[in-house]
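Below is one structure, written out as structure tokens, with a few remarks after it.
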Amino acid sequence: MSKKKNSQKKEVQKEVQKEVQKEVQKEVQKEIKEEVKAVEETAAEVAKTSKFDEEPEKEEPKTVGQRFLSKFNIFGDLFVLNVCFFATCIPLFTIGASITALYTVTNKMVRNEEGPITQTYFKAFKSNFKQATAIWFIDILCVLFVAFQMGYYQTHEGDFSKFLFIFMGMEFVIMAFAFPLQFPLLARYENTIGRIMLNSLLLALNNLSVWFRMFFIWLFPFALYYMKPNWIMYTWFLWGMVLTALLAYACSMFLRTFFDKIEAEEDEKTEAGK
């Protein structure tokens, strides 16, 4: 009888344990569901608030004083840039690298991407030094070659001199179209020296409005000095202060849309080729 009673007790205990386990499992599952629901509600609230946070705030219009300070800061940066440019032009053979670094900074300025002026300038000067110097020497050799031909033409007569005059005219046109865009392209893109010089010529011929603006910006002061030589006495110091960097900045304003157009066309070609 005692064995039967013990077996009955064990069965009752097992039943009780099963019931307890079921109740515990139900409670745990209920708590888990409540926690999951709470987490989902919290996530939904966060998503709603983030949507509102992502909405761009309307910028308040700048006051006259703020606009003046902004322009004044630009002139301050151009002054520092101008000093860096002339300091690195002193050896003369570094002029090509100096022009490239100058355009690197002004191209960033018109896009509001510039960092510290001196740091950006000298980094660009160092990274583009070899290619820019090579292009500068090639340009100088071309100019000297044309000058030599001019000297020969002025001291000789005959059919060859007439042919040489026509040939010099063609050379001048090619140089006039190729030179203005060489260093801006080098400042913006990585390429071989030959491709940079060829692209500068082709892009100038295909974008005459951009080329003309750059050519006019740089040619106008010298044309003015040619007509009014005495003006050099009153304006020479401006070149050392800000004028060179200011002219490069003006060119970069036109080059911004020019480069954007080129890069958009390249992106379209890349997407079409995929």
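For the sequence shown, the positions run 634 to 907 when the working numbering is used. Note that the Cβ used here is the ideal one computed from N, Cα and C, for glycine as well.
Tell me whether the beta-carbon of V738 lies closer than 8 Å to the beta-carbon of A757.
-> Contact: yes.
Alpha carbon of M830 to alpha carbon of A811, nearest angstrom | 7 Å
Keeping to the same chain, check which residues put their C-beta closer than 6 Å to that of F853; ignore five residues upstream and five downstream.
-> none
For the stretch 713 to 729 and the stretch 762 to 772, state whether three or more C-beta atom pairs, one from each stretch, are separated by less than 8 Å.
-> yes
Span of the alpha helix (DSSP H) holding T753?
-> I750 to S760
Which of the three DSSP states, helix, strand or coil, is assigned to N740?
-> helix
Starting from K920, trace the alpha helix (DSSP H) both ways and give me its first and last residue.
-> Residue 920 falls outside the range modelled here, since the chain spans only 634 to 907, and no answer is possible.
Could you give the distance in angstroms between the alpha-carbon of Q815 and the alpha-carbon of I807?
-> 12 Å
In the structure shown, what three-state DSSP assignment does L880 receive?
-> Secondary structure of L880 (DSSP, three-state): helix.
Which listed residue (A809, E823 and W864) has its alpha carbon closest to that of M847 | A809
Residues near L735 by beta carbon distance below 6 Å, same chain, minus five either side = F718 and A881
Beta carbon of A878, beta carbon of L711: below 8 Å?
-> yes
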